[in-house]
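S.K.: I am attaching a structure below and will ask some questions about it afterwards.
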Amino acid sequence: MSTTTRFDIYAPIHKALRLFMTDTLHGLGRLDLDDTQDREAGLAQLEALLDAANFHLQHENDHIHPAIEARHSGASGRIAAEHREHLDAIAMLRAQAAALRAQPEAATAHRLYRQLAAFIAENFEHMDVEETRHNQALWATYSDAELQAIEGRILASIGPQEMSQWLRWMLPAFNPKQRAQLIAGLPPEARAPVLALARSQLDDAAWAKLCGALDRAPEASLVAA
Ligand SMILES: [Fe+2]
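Per our numbering, numbering of the sequence shown is gapless, rising by one per residue and ending at 552.
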């Protein structure tokens, strides 16, 4: 059975989340506790990640789980229970981040690094279950058009600040084809700021590929995109 041709509601956002998680963990591991600016930047990224993880599981709870339950009763139970555990873990990580900010000590920093690593490890397993078992349940009972409509409702519920945060991680996490599809699918008035964001994050080779796929000159003005 081929699974590659079906619409995958989880894969793109999970790619962004995996990069956001690993980049934040890496940042925490190399944090210079004696450098206030470096410490604040690392903690701010951790707090942004925890906000994103919270938003993300809420979107799944609000839009995807009801769809699964409507046609496959009980199929989202395990993942819903894990979401409740994730909320507890997010609250614990926020408290640990606040403790490190108040008292920047090496032992506190390492404990936070370890706890974030464990949270990420659990989330990687969790996202894999969503991308396999939850997708199977969705694909068995929904058409791609219906799944795209669910995604549309999720996108409509996301405010501009949350959206720019997701784009900031989706662009570098995606492969060239996915980046081009993302930008081509945006309404024309939303393209210029996303292209500017892409330019700031991609190296020259990746930027040239994106421009080639979008049929625009790499040196063209981003304002007139
Ligand atoms: Fe989830």
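Even for Gly, the Cβ is constructed at its ideal location relative to N, Cα and C.
Using the C-alpha atoms, what's the distance from L439 back to L360?
M.R.: Along the sequence shown, one-based indexing puts residue 360 at 33. Along the sequence shown, one-based indexing puts residue 439 at 112. Straight-line spacing of the CA atoms in L360 and L439 works out to 13 Å.
S.K.: When you compare the CB of R405 with every CB in chain C, is at least one pair closer than 8 Å?
M.R.: Absence of chain C from the displayed structure is noted, only one protein chain being present.
S.K.: Using the Cβ count rule (16 or more neighbours within 10 Å means buried), how would you classify G401?
M.R.: Locating residue 401 in the sequence shown gives position 74, where the first residue counts as 1. Around the beta carbon of G401, fewer than 16 other beta carbons sit within 10 angstroms, so the residue counts as exposed.
S.K.: I'd like the span of the alpha helix (DSSP H) that includes H381, first residue to last.
M.R.: The residue you call residue 381 lines up with position 54 of the sequence shown. Going by the sequence as given, residue 381 is Asn instead of His. Note, N381: alpha helix (DSSP H), 363 to 386.
S.K.: Taking Cβ positions, are A444 and H399 nearer each other than 8 Å?
M.R.: Here residue 444 refers to the residue found at position 117 of the sequence shown. Here residue 399 refers to the residue found at position 72 of the sequence shown. No, they are not a contact pair.
S.K.: Return helix, strand or coil for D530, following the three-state DSSP convention.
M.R.: As a working note, residue 530 is residue 203 in the sequence shown. DSSP places D530 in coil when its eight states are reduced to three.
S.K.: At which residues does the alpha helix (DSSP H) containing D455 begin and terminate?
M.R.: Translated into positions along the sequence shown, residue 455 becomes position 128. Looking at the DSSP string, the run of the alpha helix (DSSP H) that includes D455 is 433 to 456.
S.K.: Would DSSP call A552 helix, strand or coil?
M.R.: In the sequence shown, residue 552 corresponds to position 225, counting from 1. Low local confidence applies: a pLDDT of 45 at A552 is under 50, so the model's placement there is unreliable, with the coordinate-based value given in what follows. A552 falls in the coil class under three-state DSSP.
S.K.: Of the choices R357, F334, L373, whose alpha-carbon is the least far from that of T351?
M.R.: For the purposes of this step, residue 351 is identified with residue 24 of the sequence shown, where counting begins at 1. Checking every option, the nearest Cα to that of T351 belongs to L373.
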